[in-house]
Amino acid sequence: MEMISDMFALHEEATDHFTAPSGKGGWLSLFGGQLIAQALAAASKTVGDDRLAHSLHAYFLRPGVFDTPITLAVERERDGGAFSSRRVVASQNGKPILSLLASYHTTETGPTRDQATMPDVPDPESLETIVDAAADYGRDPSEPSPLTYLEVRPVEACRPFEVRPPEPPRGMMWVRVRNSGSTDASLHRNMLAYVSDLFLISTALQPHRAELGKGVMVASLDHALWIHRQPDVDEWMLYVQESPWADSGRTMCRGSIFARDGRHIATVVQEGLLRLGK
Numbered sequence: 125m126e127m128i129s130d131m132f133a134l135h136e137e138a139t140d141h142f143t144a145p146s147g148k149g150g151w152l153s154l155f156g157g158q159l160i161a162q163a164l165a166a167a168s169k170t171v172g173d174d175r176l177a178h179s180l181h182a183y184f185l186r187p188g189v190f191d192t193p194i195t196l197a198v199e200r201e202r203d204g205g206a207f208s209s210r211r212v213v214a215s216q217n218g219k220p221i222l223s224l225l226a227s228y229h230t231t232e233t234g235p236t237r238d239q240a241t242m243p244d245v246p247d248p249e250s251l252e253t254i255v256d257a258a259a260d261y262g263r264d265p266s267e268p269s270p271l272t273y274l275e276v277r278p279v280e281a282c283r284p285f286e287v288r289p290p291e292p293p294r295g296m297m298w299v300r301v302r303n304s305g306s307t308d309a310s311l312h313r314n315m316l317a318y319v320s321d322l323f324l325i326s327t328a329l330q331p332h333r334a335e336l337g338k339g340v341m342v343a344s345l346d347h348a349l350w351i352h353r354q355p356d357v358d359e360w361m362l363y364v365q366e367s368p369w370a371d372s373g374r375t376m377c378r379g380s381i382f383a384r385d386g387r388h389i390a391t392v393v394q395e396g397l398l399r400l401g402k
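So in the numbering used here, spot 56 of the sequence shown is number 180, and the numbers just go up one at a time.
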């Protein structure tokens, strides 16, 4: 079975310039989480083993297309005593599709606390696995999608584009990577970046589900991820998502990712385009 780690097998064409496979990891276009994760992987190849990614900020510039190589150009912005900064531009057919800035930090000791508390939810083993949502995006469910690499068990219903009565703008799901085959800490952070984009913007659609048949348009505009603790993506993680705001054709979504034992692993914020049909 193809593993998610296969998409991080980057080929170095020249110093700090890489090529990545695009494959078919999406629905109508390449999955944004894939682009973010591959850009982060390229940046990580230019950073010493003594530091790991702790945050990233990305802008989606154009939709990615299938079966077309992705070029990843890395700029080494700074290497300090404890932090490194990298800028990455991902392109296809000579046009940029993603711009990403990532920061890396050495391991340090300091105060430890969690402000965020994981909700009390059913164990993943008691929940049903999500039905592959590919058909909702106009693609054959047998074709590859993000769910090829991930096992997802929603705590609340997760049917991203189904027309039904309005619901609150939130969702929760257990998620883990299928067969990552890796113990590399940096690679697990790349995989977490992949997971961080899964269904996040769909929470903004919950209050507008009755209008989905009228030509609603949604698209991710930018994406930010802060990694607080080392993830183990082979184990179940709870992804708590909500959309607290929408106006002027845009919407804000945010999420918290928890380890099964309640530790707060990561925080995610994303702004997206949200246009309702007339």
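Positions of the beta carbon are idealized from the N, C-alpha and C atoms, including for glycine.
Those residues which DSSP pairs with residue i across a bridge
i, result
"T391", "W350 and S380"
"S227", "S179 and S209"
"T143", "H135 and T195"
"D363", "The identity of residue 363 in the sequence shown is Tyr, whereas the question assumes Asp. DSSP lists M297 and I381 as partners of Y363."
"P278", "M297"
"D356", "Partner(s): none; D356 has no beta bridge."
"A240", "A240 is not bridged to any residue."
"D203", "S208"
"K219", "Q216"
"M341", "R399"
"R374", "D371 and L397"
"F155", "None, per the DSSP bridge assignment."
"G150", "L154"
"C190", "Reading off the sequence, residue 190 comes out as Phe, not Cys. DSSP lists no partner for F190."
Pick from the options that is closest to residue i, judged by C-alpha positions
i, options, result
"L230", "R175, H181 and R294", "Just to set this straight, residue 230 is Thr in the shown sequence, not Leu. Ranking R175, H181 and R294 by Cα distance to T230 puts R175 first."
"G172", "R210, G149 and Y183", "R210"
"A177", "A390, R374 and L400", "A390"
"T241", "E395, S380 and R399", "S380"
"I160", "P290, G204 and A226", "A226"
"M315", "G156, F142 and H141", "G156"
"D238", "S367, V364 and H352", "H352"
"A317", "D140, F142 and A166", "A166"
"M127", "D140, Q158, V364 and T143", "Q158"
"Y363", "M296, P355, M376 and Q162", "M296"
"G188", "A328, Q162, A138 and L154", "L154"
"K169", "K219, A334, V212 and Y273", "V212"
"A343", "T143, D356, Q394 and E335", "Q394"
"E199", "G234, A163, G218 and I221", "A163"
"D191", "S146, H181 and D203", "S146"
"V357", "V340, H347, S372 and R384", "R384"
"Y228", "P243, F207, S215 and K219", "F207"
"F382", "V392, G204, T375 and D130", "V392"
"R378", "R399, G401 and P293", "P293"
"D371", "Q365, P235, G396 and G386", "G396"
Distance between beta carbons of residue j and residue i, contact taken as under 8 Å
i, j, result
"T253", "E267", "Not quite, the Cβ-Cβ distance comes to about 18 Å (not below 8 Å), so this is no contact."
"V299", "L322", "7 Å"
"L349", "S367", "About 17 Å separates the two Cβ atoms, so there is no contact after all."
"Q330", "E359", "Not quite, the Cβ-Cβ distance comes to about 28 Å (not below 8 Å), so this is no contact."
Residue i CB to nearest heavy atom of the ligand HEM below 8 Å
i, result
"E366", "What this structure holds is no ligand at all, so the ligand HEM is not there to describe."
* To do: Check whether the stretch 133-149 touches the stretch 295-312, taking contact to mean three or more Cβ pairs, one atom from each stretch, closer than 8 Å.
  => no
* Asked: Unbroken alpha helix (DSSP H) runs of length 4 or more, entirely within the stretch 288-324: which are they?
  -> 309-319
* Asked: Does the pairing of the stretch 306-314 with the stretch 136-155 give three or more beta-carbon distances under 8 Å?
  -> no
* **the stretch 243-251 contacting the stretch 191-198, beta-carbon criterion three pairs below 8 Å** => no
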